[in-house]
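One structure is given below, encoded as structure tokens.
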Amino acid sequence: MIKQRSKKISIFLSIIKLILIIFIIYSLTMYSLSFDENNLDRFSNKSILINSFTNYKLPLDKIVTKANNIQIHKTKNGETYYNIATLKIPSLDIEYPILSETSDNLLKISLTKYFGSNPNEVGNMIVLGHNYKNQKFFSKLPRIKIGDTIEITDLSNNTLKYSVYQTDIIEPSNTSCLSQLTNGNTEITLITCYNNDKNRFVVKARAY
4 MIKQRSKKIS
14 IFLSIIKLIL
24 IIFIIYSLTM
34 YSLSFDENNL
44 DRFSNKSILI
54 NSFTNYKLPL
64 DKIVTKANNI
74 QIHKTKNGET
84 YYNIATLKIP
94 SLDIEYPILS
104 ETSDNLLKIS
114 LTKYFGSNPN
124 EVGNMIVLGH
134 NYKNQKFFSK
144 LPRIKIGDTI
154 EITDLSNNTL
164 KYSVYQTDII
174 EPSNTSCLSQ
184 LTNGNTEITL
194 ITCYNNDKNR
204 FVVKARAY
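Numbered per our numbering, the sequence shown finishes at 211, counting up by one with no gaps.
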């Protein structure tokens, strides 16, 4: 009798554990999906390009294992950053490093990663760049055309070519372009100021 009861308790506990595991997996899956559509509003800012919030920071030891020759830099105020890729747009004569994170100071140095997947990986990597009158960074980006090629060279020296399939002019509060739902595609989104900082010019491209 005692053995049967112990066996029943053991089976019952196993079922509870299984239910908990299923619940945890389901919760994590739902969170990853809902983050994309429901939680992106926390990245909204009156000026999406002047935002010191760091959305992504890959641990340095991970990066070093991929590329031992990586150079770590520091700004005058002590911010640490490093290059994670190089972006090139041949049709506009644009070529700059993409820095590991976004802040006011780093945006004055080069293009920066704001959010999303790693370079040349499935998902949507969002890259920001200032629109200066001196033609630096993304000043020429509004001239880009559908079908133009964007090249991303990652730290492993792999270069992927992306074809521009969409351009938009949006309000600063519009975060729909940050979505990571790409149907398994590798995509990039480029964003810069537009119309004297009243809007944002957005370029979306897909690897081919």
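Using N, Cα and C, we set each Cβ at its ideal position, and we do this for glycine too.
Query	Result
Below 8 Å CB to CB, which residues in the same chain sit around G187 once its five sequence neighbours on both sides are set aside?	V125
Three or more C-beta pairs under 8 Å: does that hold for the region 177 to 186 against the region 149 to 163?	no
What are the residues that DSSP puts in a beta bridge with P100?	T89
With DSSP run on the structure shown, which of helix, strand or coil describes C114?	Per the sequence shown, the amino acid found at residue 114 is Leu instead of Cys. Three-state DSSP puts L114 in a strand.
Buried or exposed for F15, please, with buried defined as at least 16 other CB atoms from any protein chain shown within 10 angstroms of its CB.	exposed
What did DSSP end up calling K143 once you bin it into helix, strand or coil?	coil
DSSP three-state label for S176, please.	coil
Can you tell me where the beta strand (DSSP E) with N127 in it begins and where it stops?	G126 to L131
Along the chain, where does the beta strand (DSSP E) containing L184 start, and where does it finish?	Segment: none, L184 is in no beta strand (DSSP E) and carries neither H nor E.
Would you kindly work out how many angstroms separate the C-alpha atoms of Y165 and I129, rounded to a whole number?	13 Å
Tell whether a beta-carbon distance below 7 Å holds between L95 and T115.	no
Note the first and the last residue of the continuous beta strand (DSSP E) segment covering K207.	N202 to A210
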